[in-house]
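Below: the structure, in structure tokens.
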Amino acid sequence: MITPIVGFILSLLLTPYIGSLMKKAGIVGRDIHKLDKPEVPEMGGIVLLLVLPLSLASLLNETLAKTLLIFLLFGVIGIIDDITHLRQSHKVLLSLLISSLVISIFVDTRLDILLTSLELGMLYYLFAILFITG
């Protein structure tokens with residue numbers, strides 16, 4: 084049960100370090116929400132990609148592992164986007180690819196609602212892809 088605490092502390096320590104590394108590497112953007120639009124490091128989310136698996140290690144079960152895999156795969160898209168500045172259409176295509184892969188491997192197409200169960204079949208895949216990719 085100590086791993087979430089270790090993960091939290093690591094994220095507090097690593098975030099400024101990763102931020103300075105990104106600034107040195109020139110991976111920066113503008114904070115458009117501030118009047119002077121200062122330059123800020125991008126890819127801070129990489130800290131979560133590094134620390135979250137460790138933080139959840141003691142709680143890991145099959146469902147959490149699947150969720151973590153999806154999170155990590157979408158995080159990889161974010162890293163690729165920050166480095167290469169992907170077009171929006173490419174991000175959508177990558178998201179669809181990941182979503183399709185994930186649901187084809189992990190999904191039970193039955194939807195449990197209250198006291199009944201509804202088999203959606205192929206409709207479940209369409210709904211899941213649209214839900215995951217937003």
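Residues in the sequence shown are numbered from 84 upward in steps of one, following our numbering. Think of the CB as a built atom: it goes at the ideal place given N, C-alpha and C, for glycine as much as any other residue. These numbers come from a predicted model, not from an experiment.
| query | result |
| --- | --- |
| Cβ distance (whole Å) where G128 is taken to contact G90 below 8 angstroms | The Cβ separation is near 15 angstroms, so there is no contact. |
| Three-state secondary structure (DSSP) of T167 | helix |
| G158 beta carbon less than 8 angstroms from that of L184 | no |
| Counted within 10 angstroms of its Cβ, other Cβ atoms place V202 as buried (16 or more) or exposed | Reading the sequence as shown, one finds Glu at residue 202 and not Val. The residue in question, E202, is exposed, as its Cβ has fewer than 16 Cβ neighbours within 10 Å. |
| Burial state of A108, where buried means 16 or more other Cβ atoms lie within 10 Å | exposed |
| Exposure label - E125; buried when at least 16 CB within 10 Å | buried |
| Buried or exposed (CB count within 10 angstroms, at least 16 for buried), A211 | buried |
| CA-to-CA distance, L169 to L177, given in whole angstroms | 10 angstroms |
| Distance CB(I186)-CB(Y208) smaller than 8 angstroms | yes |
| Straight-line gap, D119 to R193 (C-alpha atoms, nearest Å) | 52 angstroms |
| Neighbourhood of L137 by C-beta distance below 8 angstroms, restricted to the same chain and skipping five residues each side | T86, V89, G90, L93 |
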